[in-house]
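In my numbering, the protein residues as written are 20 to 310.
Now the structure itself:
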């Protein structure tokens with residue numbers, strides 16, 4: 020998560036002869052423990068070969084841990100009401116980095132000679148949150164200070180936004196929350212947390228510009244095509260929703276009885292559910308009947 024595998028700055032230790040020095044048997048006149056004296060210079064302390072290992076430089080060498088300027092400007096636009104649907108914010112995030120929190124997770128436990136249980140092994144893992152309804156959410160941060168306020172034990176990993184989104188999708192995560200507060204609640208100086216729905220997450224992961232659904236011309240064309248297959252439907256119009264992401268206005272022809280309305284709504288729901296474009300571009304949907 021810290022660099023492009025094609026970065027020319029990448030070096031392979033085995034290729035450049037940069038093996039660790041032979042530890043020898045003494046340091047400063049002191050005898051080393053047996054496991055160090057017997058250690059091969061060609062492996063680490065676990066006996067795993069150094070061959071094939073590499074390291075990369077950070078893709079953000081000038082990153083000082085504060086909110087990137089473009090993201091800070093976009094957040095100010097959002098707070099002022101000039102970016103009501105967050106299109107500018109998402110574009111700024113797509114061109115920036117996010118700080119993804121990772122924490123140590125025990126992978127193996129053991130019992131000491133004194134009967135105490137301890138961790139014999141641990142891995143670093145991306146942190147996610149599970150909401151009450153089962154939705155999995157990835158907390159991401161714009162600044163180190165915001166992450167430390169949320170969880171001081173978490174390690175911030177600066178990650179290109181598309182890469183963070185791709186990792187989230189692979190883990191079955193469907194939402195991002197930007198700069199969530201810590202357990203103590205929202206501090207006066209803390210930023211307002213922002214939830215980014217599935218349609219945003221998928222657009223970021225696909226490196227595709229995100230357009231609010233009600234402004235998306237491709238989605239409008241898809242809805243028009245669906246409506247054309249249903250004779251009782253005059254038009255389908257995506258509007259910004261209050262509770263759902265999209266309030267879909269369904270305009271029906273006059274003279275339909277309750278049974279006919281129910282039938283067309285059922286068929287419409289099936290067609291919307293079968294559309295991959297609708298699934299990609301709309302996180303949640305509410306149908307509103309109109310004439």
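Don't be surprised by glycine CBs; every beta carbon is placed ideally from N, CA and C.
Separation of residue j from residue i, as counted between CA atoms
{"i": "residue 244", "j": "residue 218", "result": "21 Å"}
{"i": "residue 66", "j": "residue 143", "result": "21 Å"}
{"i": "residue 240", "j": "residue 172", "result": "48 Å"}
{"i": "residue 275", "j": "residue 265", "result": "25 Å"}
{"i": "residue 298", "j": "residue 193", "result": "12 Å"}
{"i": "residue 169", "j": "residue 120", "result": "10 Å"}
{"i": "residue 77", "j": "residue 113", "result": "18 Å"}
{"i": "residue 140", "j": "residue 122", "result": "Below a pLDDT of 50, predicted positions are generally treated as unreliable, and residue 140, at 48, falls in that range; no measurement from the model is reported."}
{"i": "residue 282", "j": "residue 289", "result": "11 Å"}
{"i": "residue 231", "j": "residue 197", "result": "18 Å"}
{"i": "residue 201", "j": "residue 278", "result": "51 Å"}
{"i": "residue 268", "j": "residue 303", "result": "14 Å"}
{"i": "residue 70", "j": "residue 63", "result": "10 Å"}
{"i": "residue 80", "j": "residue 162", "result": "15 Å"}
{"i": "residue 214", "j": "residue 199", "result": "9 Å"}
{"i": "residue 100", "j": "residue 210", "result": "15 Å"}
{"i": "residue 310", "j": "residue 270", "result": "5 Å"}
{"i": "residue 104", "j": "residue 226", "result": "19 Å"}
{"i": "residue 255", "j": "residue 151", "result": "32 Å"}
{"i": "residue 292", "j": "residue 164", "result": "42 Å"}
Same chain only: Cβ atoms within 8 Å of residue i, ignoring 5 sequence neighbours per side
{"i": "residue 82", "result": "116 and 177"}
{"i": "residue 110", "result": "93, 228 and 229"}
{"i": "residue 294", "result": "241 and 245"}
{"i": "residue 296", "result": "237, 238 and 241"}
{"i": "residue 106", "result": "229, 230, 231 and 234"}
Proximal residues to residue i (C-beta, below 7 Å), its chain only, five neighbours per side dropped
{"i": "residue 108", "result": "93, 94, 97 and 102"}
{"i": "residue 147", "result": "155, 156, 157, 190 and 192"}
{"i": "residue 166", "result": "118, 120, 160, 173 and 175"}
{"i": "residue 224", "result": "181, 184, 185 and 188"}
{"i": "residue 153", "result": "none"}
{"i": "residue 272", "result": "251 and 253"}
{"i": "residue 68", "result": "61 and 62"}
{"i": "residue 85", "result": "162"}
From the options, residue whose alpha carbon lies closest to that of residue i
{"i": "residue 156", "options": "123, 212 and 71", "result": "212"}
{"i": "residue 284", "options": "248, 192 and 119", "result": "248"}
{"i": "residue 305", "options": "295, 287 and 296", "result": "287"}
{"i": "residue 87", "options": "106, 148 and 160", "result": "160"}
{"i": "residue 237", "options": "300, 279, 250 and 254", "result": "300"}
{"i": "residue 308", "options": "153, 209, 71 and 253", "result": "253"}
{"i": "residue 124", "options": "105, 106, 251 and 145", "result": "145"}
{"i": "residue 195", "options": "149, 164 and 209", "result": "149"}
Sequence-distant residues of the same chain with beta carbon closer than 6 Å to residue i, five excluded per side
{"i": "residue 233", "result": "257, 258 and 259"}
{"i": "residue 280", "result": "none"}
Closer than 8 Å to chain D by CB, residue i
{"i": "residue 184", "result": "In the structure shown, chain D cannot be found, because there is only a single protein chain."}
Practice task
Kindly confirm or deny that the stretch 79 to 93 and the stretch 182 to 193 touch, where touching means at least three C-beta pairs closer than 8 Å.
Solution key: Short answer: they don't touch.
Handout entry: Meets three-Cβ-pair contact criterion under 8 Å: the stretch 260 to 268 and the stretch 219 to 228
Key = The stretch 260 to 268 is not in contact with the stretch 219 to 228.
Handout entry: Segments assigned beta strand (DSSP E), at least 3 residues, entirely inside the stretch 186 to 226
Key = List check, beta strand (DSSP E) in window: 194 to 197 and 213 to 215.
Handout entry: Segments assigned alpha helix (DSSP H), at least 4 residues, entirely inside the stretch 137 to 170
Key = With a minimum length of 4 residues, the continuous alpha helix (DSSP H) runs that stay inside the stretch 137 to 170 are 163 to 169.
Exercise for the section: Please list the segments of the alpha helix (DSSP H) lying wholly inside the stretch 75 to 117, counting only runs of 4 or more residues, in order along the chain. Expected result: Runs found: 88 to 99 and 106 to 113.
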